[in-house]
Amino acid sequence: MKKGIRNTAVLLTLTWLSMLLLACGNEASTSTANSTEQSSTASEAQSGTTTENDQAATSASNEEAQTRIFKDWTGHEVEIPVTPKRVIYHGEVTGDLLALGVVPVGILRQEGTVYDDQVIEAEDVGFPISVEKSLSLNPDLIIFSNSDENQYEAISKVAPTVTFDSFATIEDRMRTLGDMLNKKEEAEAWITAHQQSTEAMWQQLHENGLKADETASVFTMYPGNRLFVMAGAGLPQLLYGSGGMKPTAEIQKVLDEGLGFAEISTEKLPEFAGDRIFILNPVPEEAKQSTKELLDSSVWKNLPAVKAGHVYQFDIVKASSDAVSREWLLEELPKQITP
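For the sequence shown, the numbering used here gives the first residue as 1025, with consecutive numbering after it.
1) In chain order, which continuous runs of the alpha helix (DSSP H) of length 4 or greater are located wholly inside the region 1194 to 1259?
2) For CYS1048, which residues from the same chain have a beta carbon less than 8 Å from its beta carbon, with the 5 sequence-adjacent residues on both sides left out?
3) Work out the CA separation of LYS1207 and THR1187 for me, nearest whole Å.
4) Can you look up GLY1130 in the DSSP assignment and give me helix, strand or coil?
5) With distances taken from CA atoms, which of THR1200, ASP1096, ILE1361, ILE1194 is nearest VAL1382?
6) From MET1198 to SER1322, what distance separates their C-alpha atoms?
7) Under a three-way DSSP split, which group does PHE1302 fall into?
8) For PHE1151, list the residues DSSP reports as bridge partners.
9) Do the region 1170 to 1180 and the region 1139 to 1155 make contact, defined as three or more Cβ pairs closer than 8 Å?
10) Assuming contact is defined by CB atoms lying nearer than 8 Å, are ILE1305 and ASP1339 in contact in what I supplied?
11) When DSSP builds the beta bridges, which residues end up paired with GLN1142?
12) DSSP has LEU1165 in a bridge; who is on the other side?
13) Can the beta-carbon of GLY1268 be found less than 8 Å from the beta-carbon of PHE1191?
14) How far does the beta strand (DSSP E) with ALA1286 in it extend, from its first residue to its last?
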């Protein structure tokens, strides 16, 4: 997907609809912050005399404050901690960090996720990300799933900040985060286990009637009676993966353009609808009403998948593409599809 549109604001339009409607954006203020740890380390380095114990303490402090250069998604070369301790993650795949054992001190909060109980103590840094709130959390690393350079410039004054491609494959994301967070072994272990679980799930479904060449479509409604087909983001990342279902020809065109989703008219539904259809239930009441009207329409009722009873519904907030949600989906998908 093109970097210019592959940012949090656009992605949240579909995956976190309630966030766009209900979040109050904070005015970005240009602030600078110096880490207490860095200042302490610098002061110790300037000291000409220390006791042996002081030297040992200084060595341990320097080891903890060790940094390296990391090149991020949009090309910044950033000096980051080798092992970040206080991470802010601003984006829609917080579950990726949780799967690696990292609980951020700050997140872009959305209620109703499958991992709500794991981020109870994380602070909401708002949408757009609040510089003031971020500064108050004293982070040593900010991971920013956005390509907006203006926002990046503002937030990067708080702490080392790296951009992150949340539309990448789950394997690429986990390896990138594993590198970034000094969790490479954990990332590879998760990927291996996930691939095995995914293969087992698809095998189970194929043994219970799912054909190898079946196509699938994922749709969701947005306020204003706007219909979107999902392609390279969210649930389709699992559905169109190895061993899974196939996109329809029209959805493949969207994928070929590198897009995560596309808005379509109701009249276009038959062209995009696959053998199996997945509906992502939206959060806003207006979009819920639009979904009901869609499911009551003649266009919808005449789709072959609808007539065959091959329609499945998931809450949009739960059916995300992050690692923890993916683990949940591997259990829930067979429950819906298996007769």
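Cβ coordinates follow ideal geometry from the N, Cα and C atoms, glycine included.
Walking through what the data contain:
1) 1194 to 1204, 1208 to 1231
2) Taking the sequence shown and counting its residues from 1, one reaches residue 1048 at position 24. For CYS1048, the predicted structure reports a pLDDT of 29, less than 50, and the residue's modelled location is therefore unreliable. The matter cannot be settled from this model.
3) Reading the sequence shown from its first residue, position 163 is the one you call residue 1187. Reading the sequence shown from its first residue, position 183 is the one you call residue 1207. Cα to Cα, THR1187 sits roughly 18 Å from LYS1207.
4) The sequence position of residue 1130 within the sequence shown is 106, counting from 1. The answer is strand: DSSP assigns GLY1130 an E or B state.
5) Here the chain has residues from 1025 to 1363 only, and residue 1382 is not among them.
6) Indexing the sequence shown from 1 puts residue 1198 at position 174. Indexing the sequence shown from 1 puts residue 1322 at position 298. Distance between the alpha carbons of MET1198 and SER1322: 43 Å.
7) Taking the first residue of the sequence shown as 1, we reach residue 1302 at position 278. Strand.
8) Position 127 of the sequence shown, counting from 1, holds the residue named residue 1151. Paired residue(s): none; PHE1151 is not in a bridge.
9) yes
10) Residue 1305 sits at position 281 when you count from the first residue of the sequence shown. Residue 1339 sits at position 315 when you count from the first residue of the sequence shown. In the sequence as displayed, the identity of residue 1305 is Asn instead of Ile. For ASN1305 and ASP1339, yes; Cβs fall inside 8 Å.
11) Sequence index remark: in the sequence shown, residue 1142 carries index 118 (1-based). DSSP lists no partner for GLN1142.
12) Walking along the sequence shown from the start, residue 1165 turns up at place 141. Its beta-bridge partners are VAL1111.
13) Taking the first residue of the sequence shown as position 1, residue 1268 is located at position 244. Taking the first residue of the sequence shown as position 1, residue 1191 is located at position 167. No, they are not a contact pair.
14) Along the sequence shown, one-based indexing puts residue 1286 at 262. Segment 1285 to 1288, the beta strand (DSSP E) holding ALA1286.
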